[in-house]
Every structure is written in structure tokens, then in C-alpha cells.
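There are 2 protein chains.
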Amino acid sequence: MLIFAGFPDLRKVKAFRLILWPMQVFSYDHLYRFTQNIFTSIGCSDIDAVTATKALLAADLRGIDSHGVARLSGYIRLWEAKRVNATPAIRIVHETPSTAVVDGDAGLGLVVAPFAMQVAIDKARTAGTGWVSVRNSNHFGIAGYHAMMALEHDMTGIAMTNASALVAPTFSIERMLGTNPIAVAIPANKQPPFVADFATTTAANGKLELLQRKNAATPGGWVQDKEGNTSTDANELKKGGALLPLGSDREHGSHKGYALGSIVDIFSAVLSGASYGPWAPPFPAYVPMPMDMPGKGLGHFFGAMRVDAFRPAEEFKQHMDKWIERFRNATPAPGHDKVLIPGDPEREMEAIRRKDGIPIEESVLNELREVGRKMGIEL
Amino acid sequence: MLIFAGFPDLRKVKAFRLILWPMQVFSYDHLYRFTQNIFTSIGCSDIDAVTATKALLAADLRGIDSHGVARLSGYIRLWEAKRVNATPAIRIVHETPSTAVVDGDAGLGLVVAPFAMQVAIDKARTAGTGWVSVRNSNHFGIAGYHAMMALEHDMTGIAMTNASALVAPTFSIERMLGTNPIAVAIPANKQPPFVADFATTTAANGKLELLQRKNAATPGGWVQDKEGNTSTDANELKKGGALLPLGSDREHGSHKGYALGSIVDIFSAVLSGASYGPWAPPFPAYVPMPMDMPGKGLGHFFGAMRVDAFRPAEEFKQHMDKWIERFRNATPAPGHDKVLIPGDPEREMEAIRRKDGIPIEESVLNELREVGRKMGIEL
Chain A
14 MLIFAGFPDL RKVKAFRLIL WPMQVFSYDH LYRFTQNIFT SIGCSDIDAV
64 TATKALLAAD LRGIDSHGVA RLSGYIRLWE AKRVNATPAI RIVHETPSTA
114 VVDGDAGLGL VVAPFAMQVA IDKARTAGTG WVSVRNSNHF GIAGYHAMMA
164 LEHDMTGIAM TNASALVAPT FSIERMLGTN PIAVAIPANK QPPFVADFAT
214 TTAANGKLEL LQRKNAATPG GWVQDKEGNT STDANELKKG GALLPLGSDR
264 EHGSHKGYAL GSIVDIFSAV LSGASYGPWA PPFPAYVPMP MDMPGKGLGH
314 FFGAMRVDAF RPAEEFKQHM DKWIERFRNA TPAPGHDKVL IPGDPEREME
364 AIRRKDGIPI EESVLNELRE VGRKMGIEL
Chain B
14 MLIFAGFPDL RKVKAFRLIL WPMQVFSYDH LYRFTQNIFT SIGCSDIDAV
64 TATKALLAAD LRGIDSHGVA RLSGYIRLWE AKRVNATPAI RIVHETPSTA
114 VVDGDAGLGL VVAPFAMQVA IDKARTAGTG WVSVRNSNHF GIAGYHAMMA
164 LEHDMTGIAM TNASALVAPT FSIERMLGTN PIAVAIPANK QPPFVADFAT
214 TTAANGKLEL LQRKNAATPG GWVQDKEGNT STDANELKKG GALLPLGSDR
264 EHGSHKGYAL GSIVDIFSAV LSGASYGPWA PPFPAYVPMP MDMPGKGLGH
314 FFGAMRVDAF RPAEEFKQHM DKWIERFRNA TPAPGHDKVL IPGDPEREME
364 AIRRKDGIPI EESVLNELRE VGRKMGIEL
């Protein structure tokens, strides 16, 4: 999960990328129609195709290119491999006034997650908060999109998911956890909302892939080799190495990143009955499923907290404005213009891309055209 | 907050410290009686004195020496400065089936926090989960102690608190956040519980203090100087520098640590009506209170989730055993015996200290004796 993708000047990044890779730019509406038609073509209902399309393209709009249409062909391959059910009977299998467990029936996470987040929001209406753990799901796109569903209801939204194991715990060389992202969206009044969305690793896998394509080295502290030595090889994961938890090494707090990733894994998968830790199902359809899985599919965890379950919504949102303004005006370090609030870069990127379109890399474009040909849909 | 304090071999650490500093060792019971009498002497009720003593000494037992009796004299100075109310009327000021806001009436956080956590546990009994935001409180000791209160009820416990500003956000030189710890305690069956408890900074302030006393340098990535340059000076905070968020710098994910610390600040203080960000009240009684505080006192946030609000408790706890055993048996990196589960080192330390006693540093001892003399209580 690329977060704060725009921390460096957005225009510079854009120019930089345009030089390095040939890009074609598509309007949101164009990509929307294509993606919706692809989902319909595998058998999704009209409403599910819309739900999945909105969730998927939220990543492209917000500049998290690794999690948007770049993954569409991957989802389709999972459906071809019968690991994704295009017509799932998503249902609540257990509930209390403030909790539920949802079984995704192996549906697209892009469809299961909005269903489950809506359950959390509905619970919060009557109980003050709602907490939903999900089993038997698949990848759900960006966590931030689901967390942000709460905002229009004057609620704080929380979303997390486990994922296939790429991360070694502190003191280990074995891949035990996914990049297990956490998103928290908090409403404000005049200020835009606070939206944090980050992998619990030092660097997201998407950033590694970017460097692989450039044949460039990673900074130290992102990956280790299969013997546990520090490495700067962006291809280390293909050689048996592992991503490092947020903090990089023990001295810099990697045990905290390991703990965070573990909490996401347990809330998402152990609480719901999904498959956890090294048994989490892989995203690439060609990777065999783990043996002896202790649960069903991927797991997610969602929360919604009504702001006025704590204090009057207007009062809270005015204080959030004050919080945001104070932090935005914190003295910047030399060489930096300003302090950013989580969600700032993605929101700025969305404004640009809704206006100027979404650039798609050549390799992604080829994959999309290939999927389109197979399904008889033109990009 | 020192977490995983025992990651290196516990016996080595102990021997190392005994060589460097003269230590006197006290039994838990001895320190308990002394601490309880001190709290009674400032006017705490018998039951509040017991509650505060148990919460405070949990830190010493678990090896988090910076947060235990070492802080007792600091709490007393806050009471002398009339910033701590020894006879607070702690009360629920707002509630829904799954939430509450508690006003701590400027009481000791060591008393307010267990009250609020109990409210969360009681809410969880009927609503499935309970979430309590607290205002008008003070420092509450270690977050892990409060989170662990949920365990005996077959609940997952969550505790966090804001604190006075020592941490600069990414791209800033201004101290805007406290070390804002997060604790999560999750019950298991035959295995001991999973207990994560960590500051959202790269290094806890307690570790910095340890290096100051040794006149030693910090590793890079822990602190920056007042101009925002990397520093290895353990005294940097006294010179206007700042602690760095977990991740250390932008390239290694400090924006994630900044987001985590912010979430703790908002859930603890903006949600409850406590004072937030750079306006959080300071711990040292000689530091003046911030001007124009936007809320009352420090804030905390607690959560309790009944395990069987999601799936049968026995089933969940058996899977937690499986999770813990699998992670404990992950292939260790060369030079390491095994992978640790969050909570392992503190539990091992507690077993040792309950048996062998709690070593107290000379400087702390002098402060405790001074407090004792003032109150007519012998250590």
C-alpha cells in the first residue's frame, strides 16, 4: 500500500514517471466502464460490478497505482482458477448488538468489504459502534476506501486486512505475515477528513515493484535476504528474502511493526475464522494454496464509531479542524514547505486525476487489453 | 514505554545493570506497602490507593522501570502542584450501549484508567464490545496493564493514551505529539496471552534516559536536533530536539508512526474533550501548563471486545494457541534462538522479579526516600 504517495512534490513525481515509462492516460469514466464490463463479464451482478469497480478505481484516483486496475487481471485469474466466486452469497454468520462475523463466500474482497463495512455502520447507528470481522474473502483493494465509507455518516471508520505472507517477524527469516494494512478515517468540519492508510511494513510491496522495474536498489531497512542479512536488492523477495516490519530492525522498533502486523492478522483472520499467518491465501493464481489452512480465505476487520456516541458531532468536528490546522501549521523542517496531514497527498492526487485522467503504464495496459480481448471488451 | 524489554538475554541485562549502577533489590510486597501508604498519605481512599499501587507496580514487575515506582515522586509533585486530585469524583458523562466518555476529575490516571477500562468491559458484556474515551486524567502507568484487565473475561483489551509533546511529525521540527503508546492484549488457551504494548515512536523516552545516565550516544534514527538534523545525542530533547515517530524518517515509514501517534491522540483526547497535540499537559510539575488548552487534562482510550461476540471463545483461543505456536516456531535468523511473541519478555521478567525482587536504582531510591520522609513513611 503506497501511502502519502505524493509526499514529494506531485508534479515532479508525475513528470519523472512520464519520462521513465511510456504512459497512456485514461479518464476515470473510461476506466470505470471498462472495469465494470469486465466484472459483469465474469458473472458479477450489476450492483456487485459497480461496487467492485468503485472500490478498485479508488486506488487509481488516489495514486495508489499498485492496488487499482493494475490488479484487475490478477482478480480475473483468481476467478479463472475458481478461487473467486463471482456470485457469492455474502452473509452474517454471527452477531451481537455491536459486532458481526461476515462470511464472504469466496467473493471478490472488493464486494465483500463494502458489505461488511455497511454492517459495521448499521451496527454503529444503534449501538454507538460496529465491529465486523470477515472470513472467506479475497483482496479488497485499498483499506482507506472502506474506512472512508464511515465519513458521510459522521463516523470514524477503520479497515484492515491480512494478506499472503511476505514479511519476516523480528529475529526471523521466515515469511509469516502479509503487509497487513491499517486505515483510519476521521471526519472534520471545514477541513478535509484525516485519512491514514498504511502497510505495517517499512515499505509497501508496490514500492519494491517500482524499483524492480527501474532495476534500482532499495534503501537499507526495507528487505532482508533469505539468511536474514540486510539487503538493498529490490528482487530479494524472489530469492527467498522478506519484507521487514515497520521499524526495519530491532534497534529501530521492528518489533512494533511486527506486533501491528500480528494484531491485523489476528483481528482479521483468527477472530473471523479466516486463514492466518503463513497460511493466508496468495494473490497470484499460479501460486498453490497453502496446505492445511486453518480457516477460510482471507480475513478483514472493520470498525465504525459514531462520533456522537462520544461527544456532539459538531463539537468534535470543530476540534478536528483545530487539530488539523495546528498540525498543518507545525514548524516545517528546513527544506520542507509544510507538515502534511494523513490523506492530504491522496486527496490532491484525486483532484488532479479526476481532471487530467489516470496514467496507466504500458505493461499494465497490455495486461488489461489481454483481459479485454478474452472477455470481448474493448479498453 | 520499554517494550520487549527482555529481547536480549534477561540474565545478561540484569548482570550488566548491576555492574553499571548500584542497585538495591526490594520484594514486590515491600514496594507495594510503601507505595500504598504514600498514596493513602496524599488522601487517596483505601481502595484507590490499592488500585493505583497495583497499576504502578505492574510496570516494575514487567521490567518497564521508567513507568513504575521511578515515577512515584513525580505523581506526588503533581499532587503538590494541585494538578492531581487525590479524591476525584470519576464519572460517566455520556454513553451509548457500546461507548462511554469518562471524566477523570483530574484524578491519578492510575485510578481513572482502571475505572474506565471496567466500564468498557461492562459494556462489552451486553453490547459485544465497549469503547471508552477519557478526559481530565493524568498519566496512567503502562498501557499494557489496563489492556490486560480484559483477559480474564475472555475479552481482547485495548488501551492507549496521549502524553505531553516530545515527538516531531514527519517534515517538522516542532514537538507535536507524545510517545502515545498502544497496547493490545489477546487471550489464548494453553499459551500465555498475546500482549503488545509499545510507544508509537522509534524509541521510548525511557531508553533515551537510560543512555543519558550512561553518557552514551543513541543509534541514529531515534532523535533529531532542533534544526531537524539526525542526531545521536541522548540529551537532544533538552536542547530543543525531538523524538522521531516509529519509522525514523520518511524513507523508512516515519509518516506511519506519525499517523499512529495522531490516531492515539485523536481517539484519546479529541473524542473525549481532553487536551490534545502540543497542548497535552506535561508530566513534570515544574513545567508550566500550556496556554489556551483546548480540553481538560490528558486523554485515554480503552476498548474491550468479547471474543465470543465473534466466535466461540474456546474455538478462538485454540486458534490463538496455534497462531502463537506457529510464530514461536518460525525459523529464527542466524544468531537468534527463537522468535518472540509480544508479551514474552515482560512475562519472563515478571516471573523473575516476583521471585528475586525488584532492583531499584540509587537515584530513584533517593527520590523515594525523600518522598517517604516528607510523608512520614519508611521505605
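Taken in sequence, the protein lines are chains A and B. Under the working numbering, think of the first position of the first sequence as 14, with each following residue one higher. Under the working numbering, think of the first position of the second sequence as 14, with each following residue one higher. Glycine is no exception: its CB is placed at the ideal position from the N, C-alpha and C atoms. Predicted model only: the values in this text are computed from it and were never measured.
- In terms of alpha-carbon separation, which member of A/Glu165, A/Tyr45, A/Ala137, A/Ser146 lies closest to A/Ile279? A/Ser146
- Assess, as a yes-or-no matter, whether the stretch 230-247 of chain A is touched by the stretch 303-310 of chain B under the definition of 3 or more beta carbon pairs within less than 8 Å. no
- Query: chain B partners of A/Asp264, CB-CB under 7 Å?
  - Reply: Looking at the sequence itself, residue 264 of chain A is Glu, so the reference to Asp does not match. Per Cβ cutoff of 7 Å: Pro232.
- Indicate whether A/Gly120 and A/Ile103 have their beta-carbon atoms separated by less than 8 Å. yes
- Message: Please identify the residue among A/Phe315, A/Lys251, A/Gly233 whose C-alpha is closest to the C-alpha of B/Gly260.
- Response: A/Gly233
- Query: Using a Cβ cut-off of 7 Å, which residues of the stretch 168-187 of chain A contact any Cβ in chain B, in chain order?
  - Reply: Pro182, Phe184, Ser185, Ile186, Glu187
- Task: Look up A/Asn149 in the DSSP assignment and say whether it is helix, strand or coil.
- Result: strand
- B/Lys27 to A/Val300 span [Cα, whole Å]: Because B/Lys27 sits at a pLDDT of 47, beneath the cut-off of 50, its placement in the model cannot be relied upon, and the following sentence gives the value as read from the coordinates. Rounded to the nearest angstrom, the two C-alpha atoms are 47 Å apart.
- Quick one: grab the DSSP three-state call for B/Ala196. strand
- Query: Does any residue of chain A bring its CB to less than 8 Å from the CB of B/Thr66?
  - Reply: no
- Query: Who are A/Pro372's beta bridge partners in DSSP?
  - Reply: A/Val38
- Alpha-carbon spacing of A/Gly290 relative to A/Leu190, whole angstroms: 5 Å
- Message: Closer than 8 Å is the cut-off here; do at least three beta carbon pairs connect the stretch 328-337 of chain A with the stretch 157-177 of chain B?
- Response: no
- Name the one or two DSSP bridge partners that A/Leu190 has. A/Val180
- Task: Would you kindly work out how many angstroms separate the C-alpha atoms of B/Tyr288 and B/Met362, rounded to a whole number?
- Result: Tyr is not the amino acid found at residue 288 of chain B; the sequence shown has Ser there. So the alpha carbons of these two residues sit roughly 35 Å apart.
- Thinking A/Ala172 and A/Ala196 are a contact (beta carbons under 8 Å), I'd like their distance in whole angstroms, please. 5 Å
- Query: What alpha helix (DSSP H) runs, 4 residues minimum, are completely inside the stretch 260-336 of chain B?
  - Reply: 267-278
- Task: Verify whether the separation of the beta carbon atoms of A/Gly312 and A/Ser275 is less than 8 Å.
- Result: no
- Item | contact_flag[the stretch 356-376 of chain B, the stretch 36-50 of chain B] where n(CB pairs < 8 Å) is 3 or more | yes
- Please decide whether A/Val384 counts as near chain B, where near means a Cβ-Cβ distance under 8 Å. no
- Message: I believe B/Ser86 touches B/Val384 by the beta-carbon criterion, under 8 Å. Please report the beta-carbon distance rounded to the nearest angstrom.
- Response: 5 Å
- If the cut is a Cβ gap below 8 Å, which residues of chain C does A/Pro110 touch? No chain C appears in this structure, whose protein chains are A and B.
- Message: Just to confirm my understanding: we take A/Ser285, look at its own chain, exclude 5 residues before and 5 after, and list those with CB closer than 7 Å. What are they?
- Response: Val114, Ser146, Val147, Arg148, Gly312
- Task: Assuming B/Val236 contacts B/Glu222 (C-beta within less than 8 Å), just tell me the rounded distance between them.
- Result: With a Cβ gap of about 12 Å, B/Val236 and B/Glu222 do not count as contacting.
- Below 8 Å on the Cβ atoms is my guess for B/Leu69 versus B/Thr48; work out the distance and round it to an integer in Å. 6 Å
- Pair every Cβ in the stretch 347-363 of chain A with every Cβ in the stretch 164-179 of chain A, then say whether three or more of these pairs are closer than 8 Å. no
- Within 10 angstroms of the Cβ of A/Pro297, are there 16 or more other Cβ atoms? Answer buried if so, exposed if not. exposed
- Task: Pick helix, strand or coil for A/Val132, following the three-state DSSP scheme.
- Result: helix
- Query: Between B/Ala201 and the rest of its own chain, which residues show a CB-CB distance below 7 Å, the 5 nearest in sequence each way excluded?
  - Reply: Phe207, Lys330, Met333, Asp334, Ile337
- Message: So if I threshold CB-CB distances at 8 Å, which residues from the stretch 302-327 of chain B count as touching chain A?
- Response: Pro307, Gly308, Met318, Arg319, Val320, Ala322, Phe323, Arg324
- Cβ-based neighbour list, B/Met168, same chain, cut-off 7 Å, excluding 5 preceding and 5 following: Ile134, Ala137, Ala317, Met318, Arg319, Val320
- Across which residues does DSSP place A/Gly81 in a beta bridge pair? A/Gly81 is not bridged to any residue.
- Task: Identify whether B/Gly356 lies in helix, strand or coil by the three-state DSSP scheme.
- Result: coil
- State yes or no: is the beta carbon of B/Val115 nearer than 8 Å to at least one beta carbon in chain A? no
- Which of helix, strand or coil DSSP assigns to A/Val124: helix
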